[in-house]
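Comments concern the structure below.
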Amino acid sequence: MDTMKHTIICLCLVVLTAFISCEKVNLDDLTNQKEQKSGNKKEHPSKENEQGDKHDPSWKDKPGQEKHEKPYEEKDIKDGNKDKEGDKPSTGDDGTVKYFYTGDTVTVTDFLSYSISVQVWVKGYIVGSCASKLANADFSAPFEGASALLLAASPQETEATRCVTIQLKNGSSLRKRFNLVNHPELKGRQAAFFGIRETYLGQPGIKGATSYWGPG
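For the sequence shown, the working numbering assigns the number 46 to the initial residue and increments by one for each residue that follows.
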C-alpha cells in the first residue's frame, strides 16, 4: 500500500514539474517576442519621425536637420537691365509706344519724346552750354555758362529745344570734367549721362546724373 502511494506521489511530482517547465518556456517566448518587437521599432522609424515631428514646428532647426528655404520663383530673378517694377509704357510725340528699363541707353530724340520714368543712359553730342535759363544757351566759344551742358542728336545742332539739358552742379566732378568754359575742346564730342528724366531749365534733362561717360 505504501509502495503504491509513493508511486502516485512521484508521478504527481513529475507531472507538476513538466507543467511548470512548459509555462516557463511560454513566458520566455513571450518575453523574447516583446523584445524583438521593441527592437524592430528602433530599427525602422516611422515616416513621421523621418520627416520630423509634425507637431513640433522647430524640427527643421534641430541639429543635424537640413533647413529648407522657400524655393526661388521666376519672378524673384531680375535682369539688371530689365527692371520690370519700373517698366511703364511710354507714348511718344508721334503716338508710338515704347518700354524703357533701368540701365537702357536711349537716344536724345527718344529722351525728349518719351516720358521715361526709370533711370537710363542718354547718349548724344555735346553741343553747347547754358546758365540760368534756356534762352542763355551758347553754342560757340567762348562759352560763358558752366552750370549746364546741352546734349544733342547731331554735333551741328544749334536749337536749344532739341537738346537735353544736363545739370553740372557747383563743385561736382561732373562740372570739373564737362563744363565748356574750361573745356571748349569737348564741343562736338560724344558723351552719355545716367539718371532720371526731369524738367531742367524748362526742358527734359537730368539734374543729378549719378554716372557719366565721355572724353577726357
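Ideal placement from N, C-alpha and C gives every residue a C-beta, glycine not left out.
Here the structure is a predicted model, which is why all the values come from computation and not from measurement.
Item                                                                                                           : Value
The stretch 205-220 in contact with the stretch 182-196 per 3-pair CB rule at 8 Å                              : yes
Where the alpha helix (DSSP H) containing residue 153 begins and where it ends                                 : 153-158
Within 8 Å, strictly: CB atoms of residue 197 and residue 170                                                  : yes
Contiguous alpha helix (DSSP H) assignments of at least 4 residues, all confined to the stretch 213-244        : 218-223
Beta-bridge partners of residue 174, as assigned by DSSP                                                       : 183 and 194
Residue of 162, 143 and 244 minimising C-alpha distance to residue 178                                         : 244
First through last residue of the beta strand (DSSP E) which encompasses residue 143                           : 142-144
For residue 136, three-class secondary structure by DSSP                                                       : strand
Three-state class that DSSP yields for residue 201 in the structure shown                                      : coil
Distance between residue 154 and residue 224 (C-alpha atoms, nearest Å)                                        : 23 Å
Where residue 150 sits in the DSSP three-state scheme                                                          : strand
Cβ distance (whole Å) where residue 161 is taken to contact residue 222 below 8 Å                              : At roughly 25 Å, the Cβ-Cβ gap does not stay under 8 Å, so residue 161 and residue 222 are not in contact.
Buried versus exposed call for residue 249 [16 or more other C-beta atoms within 10 Å across all chains shown] : buried
Segment limits, beta strand (DSSP E) that includes residue 250                                                 : 248-251
C-beta contact flag for residue 188 and residue 163 at 8 Å                                                     : no
6 Å CB neighbourhood of residue 133 in its chain, flanking five on each side removed                           : 162
Segment limits, beta strand (DSSP E) that includes residue 256                                                 : 256-258
6 Å CB neighbourhood of residue 252 in its chain, flanking five on each side removed                           : 212, 243 and 245
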